[in-house]
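Asker: Below is a structure I'd like to ask you about.
There are 2 protein chains.
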Amino acid sequence: MAPNSRFAVAVHVMTALAYNRGEWISSPALAESVRTNPVVIRRLLGQLRRAGLVRARTGMAGGVRLARRPESITLLDVFRAVEGGSPFVLPDKPENKACEVSCSMKPLLASVLAETDRAISRSLEKTRLSDLAREITAATKSAHVPKTAAVSKTAR
Amino acid sequence: MAPNSRFAVAVHVMTALAYNRGEWISSPALAESVRTNPVVIRRLLGQLRRAGLVRARTGMAGGVRLARRPESITLLDVFRAVEGGSPFVLPDKPENKACEVSCSMKPLLASVLAETDRAISRSLEKTRLSDLAREITAATKSAHVPKTAAVSKTAR
DNA sequence: CGAAACTGTATCTAACACTATTACGATTGG
DNA sequence: CCAATCGTAATAGTGTTAGATACAGTTTCG
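Residue numbers (this note's numbering), protein chains in the order written: chain S, 1 to 156; chain V, 1 to 156.
This is the structure in structure tokens:
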């Protein structure tokens, strides 16, 4: 799979949980929806669980559901849970003391990257899981589908 | 070094060139400022050159200088030149036709990531190379330094 | 009770990306 | 001619990620 698809997969999973609000969904079911391995999903769910975004239940008929209302969870919450921090990093090389540019660079870069992070955060916090779930409902309705009705919502 | 430090190094290099406006700076000199290998710098400069941001001159006393005025180059130009596109990617797995969420996910994610990219772009295009060069001048002045004056501006 | 279906980890592997380094041909100035 | 440079190729080492198998602990249900 693509490298660094964690955020995309996390949004997919969280949206599926929001769409199936209240139900306990298993990692194999989510894995089929994402088309990946259940363990990959469980690893991701571990991060989301430790961030307080989902609750898990063990045992048969176990699975995962959102820990909070989908209206109160934004993509920024998901992003923070699964991506450590900035997608860009500062090299941690020591500065070259003989060079004026090198000596001033670190704080300069830090402020640039911090501003970029703020921009990303502001963008992501505009979208809530409830928005995405609603869009899926709309897209599904507009598609000329349900003859069999009551399709398994995620898969299986 | 840190993975994905290309953007940070590119900003460092371009700022150094803006600070030494008009002069031809060699890749070994830039490499000392960044504390990395000259070839790493030359590879990066290749991307910046193909993007029309710098000009190179071969031969002894060769090197690189900005191709345009530092006032007309923003960090977005630098970003576009060295980072392909979005820091996040969509997995290219086929969707699960039996799942409503999976079927609607790709366009949804695409629009979310596109909006994030726009936010990053708007943030980066606010800063011009001339801004950074000026900040280095200010930082260097405020430091209680020049007794020896006329320090080699980059290094060596 | 016992089988079945989960979660949560640990571990291993293969693929991939990135940095660093060495090497070499071509170019240019002194 | 010689030295310093660019541009590029080839290679090695490192780190990250997804995928996959395995297994202990938990819970439901017949």
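Think of the CB as a built atom: it goes at the ideal place given N, C-alpha and C, for glycine as much as any other residue.
Source: prediction; values computed, not measured.
Here's the rule: buried if 16 or more other CB atoms are within 10 angstroms of the residue's CB, otherwise exposed. What is V/PRO3?
Answerer: The residue is exposed, with fewer than 16 neighbouring Cβ atoms inside 10 Å.
Asker: Under 8 Å, CB to CB, which of the residues in the stretch 73-88 of chain S have a partner in chain V?
Answerer: LEU75, PRO87, PHE88
Asker: Between V/ILE136 and chain S, is there a C-beta pair that is closer than 8 Å?
Answerer: yes
Asker: Could you run through the stretch 21-34 of chain V and flag, in chain order, every residue whose CB is less than 8 Å away from some CB of chain S?
Answerer: GLU32, SER33, VAL34
Asker: For V/SER123, is the classification buried or exposed, using 16 other Cβ atoms within 10 angstroms of its Cβ as the cut-off for buried?
Answerer: buried
Asker: From which residue to which residue does the alpha helix (DSSP H) around S/LEU108 run?
Answerer: 100-124
Asker: Anything in chain S within Cβ reach of V/SER123, meaning under 7 Å, just list it in chain order.
Answerer: GLU115, THR116, ALA119
Asker: Can you give the beta carbon distance from V/GLU100 to S/THR15, rounded, assuming they're within the 8 Å contact cut?
Answerer: Rounded, the Cβ-Cβ distance is 11 Å, inconsistent with contact.
Asker: Provide the residue(s) that pair with S/LEU66 in DSSP beta bridges, ordered along the chain.
Answerer: S/VAL54
Asker: Using C-beta distances below 8 Å, list every residue in its chain close to S/LYS147, excluding the 5 sequence neighbours before and after it, in chain order.
Answerer: Low per-residue confidence applies at S/LYS147: pLDDT is 38, beneath 50, and the placement is therefore not dependable enough to give any value.
Asker: State yes or no: is the beta carbon of S/LYS147 nearer than 8 Å to at least one beta carbon in chain V?
Answerer: Because S/LYS147 carries a pLDDT of 38, less than 50, the predicted location of this residue cannot be relied on, and the following value inherits that uncertainty. For S/LYS147, the answer is no, since every Cβ of chain V falls outside 8 Å of its Cβ.
Asker: Just the C-alpha distance for V/LEU132 and V/ALA18, rounded to the nearest angstrom, thanks.
Answerer: Straight-line Cα distance between these residues: approximately 8 Å.
Asker: Can you tell me the Cα-Cα spacing of V/VAL11 and S/GLU125, whole angstroms?
Answerer: 28 Å
Asker: Looking only at DSSP bridge pairs, what is S/ARG128 linked to?
Answerer: As a beta-bridge residue in DSSP terms, S/ARG128 pairs with S/THR74.
Asker: Check whether the stretch 17-36 of chain V and the stretch 79-90 of chain S touch, using three or more Cβ-Cβ pairs below 8 Å as the test.
Answerer: no
Asker: Could you tell me whether any Cβ in chain V is nearer than 8 Å to the Cβ of S/MET105?
Answerer: yes
Asker: My understanding is that S/SER111 touches V/ILE136, with C-beta atoms under 8 Å, so please give their C-beta distance in whole angstroms.
Answerer: Wrong, their Cβ atoms sit about 13 Å apart, outside the cutoff.
Asker: For S/SER121, which residues from the same chain have a beta carbon less than 7 Å from its beta carbon, with the 5 sequence-adjacent residues on both sides left out?
Answerer: LEU76
Asker: So, is V/ARG128 buried or exposed, given that buried needs 16 or more other C-beta atoms within 10 angstroms?
Answerer: buried
Asker: State yes or no: is the beta carbon of S/GLU71 nearer than 8 Å to at least one beta carbon in chain V?
Answerer: Using a CB distance cut-off of 8 Å, S/GLU71 does not count as an interface residue toward chain V.
Asker: Using a Cβ cut-off of 8 Å (strictly closer), state whether S/VAL9 contacts chain V.
Answerer: Yes, contact with chain V.
Asker: Quick one: list the residues of chain S neighbouring V/LEU45, beta-carbon separation under 8 Å, in chain order.
Answerer: Chain S residues near V/LEU45: none, gap ~16 Å exceeds 8 Å.
Asker: Thinking just about the alpha-carbon of each residue, which of V/PHE7, V/ALA31, V/SER5, V/ALA8 is nearest to the one in S/ALA98?
Answerer: A check of alpha carbon separations from S/ALA98 across V/PHE7, V/ALA31, V/SER5, V/ALA8 identifies V/ALA31 as the nearest.
Asker: Bridge partners for S/ILE25 per DSSP, in chain order?
Answerer: S/VAL64
Asker: I'd like to know if V/LYS153 contacts chain S, where contact means its C-beta is closer than 8 Å to some C-beta of that chain.
Answerer: With a pLDDT of only 49 at V/LYS153, under the threshold of 50, the placement of this residue in the model should not be trusted; the figure read from the coordinates follows. V/LYS153 counts as touching chain S.
Asker: Going by beta carbon distance, what residues of the same chain come within less than 7 Å of V/LEU108, once the five residues before and after it are set aside?
Answerer: none
Asker: Rounding to the nearest angstrom, what Cα-Cα distance links V/ARG118 and S/ILE73 in this structure?
Answerer: 22 Å
Asker: Over the uninterrupted alpha helix (DSSP H) stretch that includes S/PHE7, give me the two end residues.
Answerer: In the DSSP assignment, S/PHE7 falls within the unbroken alpha helix (DSSP H) covering 6-19.
Asker: Count the other C-beta atoms from every protein chain shown that fall within 10 angstroms of the C-beta of S/THR116, then say buried if there are 16 or more, exposed otherwise.
Answerer: buried
Asker: For V/ALA138, does the three-state DSSP call read helix, strand or coil?
Answerer: helix
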